[in-house]
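Number of protein chains: 2
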Amino acid sequence: MTSPKVRVNAFSVSLDGYGAGPRQDQDNPIGSGGLALMEWIFPTRTWQALQYHEGGETGTDDRLAAESLADLGAWILGRNMFGPVRGPWPDDSWKGWWGEEPPYHCPVFVLTHHARPPLPMKGGTVFHFVTDGISEALERAREAAGDKDIRVGGGVATIRQFLQAGLIDELHLALRPVLLGQGEALFAGLDLPALGYEVARQVRGERATHVSLRRSPRTT
Amino acid sequence: MTSPKVRVNAFSVSLDGYGAGPRQDQDNPIGSGGLALMEWIFPTRTWQALQYHEGGETGTDDRLAAESLADLGAWILGRNMFGPVRGPWPDDSWKGWWGEEPPYHCPVFVLTHHARPPLPMKGGTVFHFVTDGISEALERAREAAGDKDIRVGGGVATIRQFLQAGLIDELHLALRPVLLGQGEALFAGLDLPALGYEVARQVRGERATHVSLRRSPRTT
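The listed protein sequences derive, respectively, from chains A and B.
The numbering used here numbers the first residue of the first sequence as 1 and each following residue consecutively.
The numbering used here numbers the first residue of the second sequence as 1001 and each following residue consecutively.
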């Protein structure tokens, strides 16, 4: 049996290296132009099923989308991936981008500097707000996940923090042939080979090129 | 008849956005680790023929390599792509990385701050040293090229200068699934959509994914 992993999956990156566009707000969860990053996953059967729709395409993109959701026991999200609210929570009205029944169906640990009580949602998702940084979030996620994997969902700043700390075991990127021009740069100043990462696999999907990075054993 | 274009072709970029590794020197023309960027072109029949070798692979990578050399009447190179010598030329002994018969076979305009007489080589290549910047280099290249295209060969800094000035008509990148970790970042701070560029085509080769950018007419 393999031990639980800390994974990033299906994280979309533009040709010019951005994992999100600029100027995130309530109408632009992935920043201006950022939805173009995700256009490979929307047509898949896996994504359609998350929205409780029938049908959708099968193929390589769909297979990778399905793998991205398999065997997960907990998620970790940055504050901005949870929502556009900044600073102290004005009240408990913001409950994420995903409506009453978010697609996580397990505990989700949200990094924030501002405490807030846990937020149980329909379908098994419980948002926990972690104020002591990525190590505490990972420890709590490990406890919650048991023998399942932990997925670091994003955004860019959160993934970069985890990579810099060498805490990601596998990173699956979906490279999209689009230009954003501005936004949150995933790789800038991040020396991934020095951090022990190497390219493990490349798979060409219908609308994205999927590249998986793995942390090589010599550096652990 | 289409009018002559200013093209970048077959310019290789790592997954983390580098067009060259760090620490270029005489033994590492593309910087440390930089040769990995080029490993898609070495096996092609087109590349092998440039080295006067028989054989080599045919396929998509080879087709794009061949297109990259077609219809060229002049090249423009940055100083570092011509050689590792910095500052004033100590003498005329450095004649490029390519030996007595470089693979250009036409006029090549080398950007430099330090004047030097033209350098004719075997096989029709003549290196001209241009000290007044990219506009003068382009003007002289246009005169020399006649109705053929001009290729801006690199390196990263030179291509970025031409892009920022909106002077590149077509940019063909060969995306390689390798990590460099450090080096010369092609896209950093360059807002290509704002400069009028868009993705025109994506073709999957054997060892690289080829993406072509084009400057859209609305901005000319």
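The C-beta atom is built at its ideal place from N, Cα and C for all residues, glycine as well.
Since this is a predicted model, take the numbers as computed values, not measurements.
Under the DSSP assignment, A/Asn80 falls outside any beta strand (DSSP E), being part of the alpha helix (DSSP H) whose first and last residues are Arg79 to Phe82. Interface annotation for the segment 1011-1031 of chain B against chain A: Leu1015, Asp1016 and Gly1017, criterion Cβ-Cβ distance under 8 Å. Taking a 10 Å sphere around the C-beta of A/Thr46, we find 16 or more other C-beta atoms and assign the residue as buried. A/Ser68 carries a helical assignment under DSSP once its states are collapsed to helix, strand and coil. Residue A/Tyr197 holds the alpha-carbon nearest to the alpha-carbon of A/Arg160 among A/Ala145, A/Thr209, A/Phe129 and A/Tyr197.
Taking a cut-off of 8 Å for Cβ pairs, the segment 1083-1091 of chain B and the segment 1160-1176 of chain B do not touch, as fewer than three such pairs fall below it. By the C-beta density criterion, B/Ala1115 is exposed, having fewer than 16 other C-beta atoms within 10 angstroms. B/Arg1214 and B/Met1121 have their C-alpha atoms spaced approximately 33 Å apart.
Distances from the CA of B/Arg1007 to each of B/Glu1136, B/Asp1071, B/Thr1112 and B/Leu1192 were compared; the closest alpha carbon is that of B/Asp1071.
For A/Phe187, the residues of chain B that pass the 7 Å Cβ criterion are Asp1016 and Gly1017, in the order they occur in the chain. For B/Gly1078 against B/Ala1174, the beta-carbon gap comes to about 18 Å, at or over 8 Å, which does not count as contact. Residue range Thr1209 to Arg1215 is occupied by the beta strand (DSSP E) that includes B/Arg1215. Taking 9 Å as the cut-off, the beta carbon of B/Thr1044 is found no closer than this to the beta carbon of B/Gly1031. Proximity of A/Glu184 to chain B, defined by a Cβ-Cβ separation below 9 Å, is not satisfied. In terms of Cα proximity to A/Gly34, the closest of A/His113, A/Gln51, A/Phe42 and A/Ala20 is A/Ala20.
In this model, A/Pro107 and B/Gln1026 are separated by some 55 Å (Cα to Cα). Relative to A/Trp40, the option among A/Glu54, A/Asp62, A/His53 and A/Arg23 whose CA is nearest is A/Asp62.
The contact set of A/Asp191 on chain B, defined by CB atoms closer than 8 Å, consists of Gly1181 and Gln1182 in chain order. B/Val1013 is bridged by DSSP to B/Leu1175. Counting C-beta atoms within 10 angstroms of its own C-beta, A/Gln182 has 16 or more neighbours from the protein chains shown and is therefore classed as buried.
Excluding the 5 residues flanking it on each side, B/His1210 has same chain C-beta neighbours closer than 6 Å at Leu1064, Ala1174 and Val1203, in chain order.
Scanning chain A for C-beta atoms nearer than 9 Å to the C-beta of B/Gln1164 yields nothing, as the closest lies near 13 Å away. Residues of the segment 39-53 of chain A that bring their beta carbon within less than 7 Å of a beta carbon in chain B are absent altogether. In the DSSP annotation of this structure, the continuous segment of the alpha helix (DSSP H) that includes A/Leu50 starts and ends at Arg45 to Leu50.
In this structure, B/Asp1149 places its C-beta atom within 9 Å of the C-beta atom of B/Pro1004. A direct Cα-to-Cα measurement between B/Gly1099 and B/Leu1171 gives close to 27 Å. Here the alpha carbons of B/Ala1036 and A/Val110 stand approximately 39 Å from one another. Taking a Cβ-Cβ cut-off of 8 Å, the neighbours of A/Gln202 in chain B comprise Pro1177, given in sequence order. The residues Thr1060 and Asp1061, in chain order, have a CB closer than 6 Å to that of B/Gly1205 in the same chain once the five nearest residues on each side in sequence are set aside. Restricting attention to alpha helix (DSSP H) runs no shorter than 4 residues, the segment 1101-1162 of chain B encloses them at 1134-1145, ordered along the chain.
Counting along the chain, A/Arg201 sits inside the beta strand (DSSP E) bounded by residues Tyr197 to Arg204.
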